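Quick note: the sequence shown, position 162, residue 162 per the numbering used here, numbers continuous.
Quick reminder that beta carbons are idealized off the backbone N, C-alpha and C, glycines included.
Since we're looking at a predicted model, the values are computed, not measured.
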Amino acid sequence: MQSEQTKKAIHLLEKFVEIQSERISIYKLFESSFKEFLSNPHQKTSIINYQRLCQGVTLSFKEVSDNIREVEDDLTKINPAHAHLIRRIQNHEKEKLQNTVKLQKLEQLISQENVRIQKEEESEILLRSHQLECGNDHHHCHHSHEEGQEEVIRGEKRTIYEKEFQEAKTLHVEIIESINECLEEIRYAIEESRELYLEQKEYESENPIVPQTVEEPHNPVQEDGLYL
Numbered sequence: 001m002q003s004e005q006t007k008k009a010i011h012l013l014e015k016f017v018e019i020q021s022e023r024i025s026i027y028k029l030f031e032s033s034f035k036e037f038l039s040n041p042h043q044k045t046s047i048i049n050y051q052r053l054c055q056g057v058t059l060s061f062k063e064v065s066d067n068i069r070e071v072e073d074d075l076t077k078i079n080p081a082h083a084h085l086i087r088r089i090q091n092h093e094k095e096k097l098q099n100t101v102k103l104q105k106l107e108q109l110i111s112q113e114n115v116r117i118q119k120e121e122e123s124e125i126l127l128r129s130h131q132l133e134c135g136n137d138h139h140h141c142h143h144s145h146e147e148g149q150e151e152v153i154r155g156e157k158r159t160i161y162e163k164e165f166q167e168a169k170t171l172h173v174e175i176i177e178s179i180n181e182c183l184e185e186i187r188y189a190i191e192e193s194r195e196l197y198l199e200q201k202e203y204e205s206e207n208p209i210v211p212q213t214v215e216e217p218h219n220p221v222q223e224d225g226l227y228l
């Protein structure tokens, strides 16, 4: 019956939405844990906890991906168009995860550069203060030009990282928009399939399939067991 196939397709689409919600929850945990790690990046406990979380998140993402692949395979047999929609989301999600890791790496590099620059600036302030106390104005003027050049060089890395971060952030927004568009199509497909299911059930109830009975041919038999 067509209605049974449609019902199965609805179940698979709803199952996908449920698994996708699990993936969103994993992302929230991943991102919040990274923010916590970034606030104490040099603390040993923080590093160990984040490494463990990354291992757990990797396994969780793999499980989600495997479950969705099963849904996609089953749906391909019923509605290839809907299965293709899930495949598009999977491709976007793969790109999103790769970009998320890149964003986190860049954010770490920017944070490290900020800490390094801050330490160097504090050291320079102490050095200048010491030079002023010693009255070494000529030596101070000589180094001011060199220090200015060093400051420009020092900020170059951070500028490069920040530019790459903004580019990755822009891409991240675009990927999420693409995923949301596909999810909206999935929701529409579910509603459309529900309406189709009701129509099919109504038609099938009004036009029941009557099983045909096949009569076996009757062959008269003689008393001696031979066919006439």
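A buried status is given to S193, since no fewer than 16 other beta-carbon atoms sit within 10 Å of its beta-carbon. Between the alpha carbons of R87 and H172 lies a distance of about 19 Å. The region 36-49 makes no contact with the region 15-23; the number of CB pairs closer than 8 Å stays below 3. Within the region 67-115, complete alpha helix (DSSP H) segments of at least 4 residues are not found at all. In this structure, L85 and E185 form a Cβ contact; the two beta carbons are roughly 6 Å apart against a cut-off of 8 Å. Around the beta carbon of V115, a 10 Å sphere encloses fewer than 16 other beta carbons of the protein chains shown; the residue is thus reported as exposed. The criterion of a C-beta distance shorter than 7 Å is not satisfied by S46 and Y197. Taking all protein chains in view, the Cβ of T170 is surrounded by fewer than 16 other Cβ atoms within 10 Å, so the residue is classified as exposed. Residue nearest to E174 within the set E93, L109, Q200 is E93 (criterion: CA-CA distance). The beta carbons of F165 and L106 sit about 4 Å from each other, so the pair counts as a contact at 8 Å.
Distances from the alpha-carbon of V64 to those of D74, Q90, E162 put Q90 closest.
The closest CA to that of R187, considering only T100, M1, K8, E14, is found on E14. Excluding the 5 residues flanking it on each side, K7 has same chain C-beta neighbours closer than 8 Å at Y197, in chain order.
Taken atom to atom, the span from the alpha-carbon of P208 to that of E195 is near 20 Å.
In chain order, L12, H82, A83 place their CB closer than 6 Å to the CB of L75, counting only its own chain and leaving out the 5 sequence neighbours on each side. For Q2, the enclosing alpha helix (DSSP H) stretches over residues 2-39. Note that the C-beta distance between L109 and Y161 is below 7 Å. In terms of CA proximity to E95, I176 leads the group Q112, Q55, I176. In terms of Cβ geometry, E113 and R158 form a close pair [threshold 7 Å]. By the neighbour-count definition (other C-beta atoms within 10 Å, threshold 16), E72 is a buried residue.
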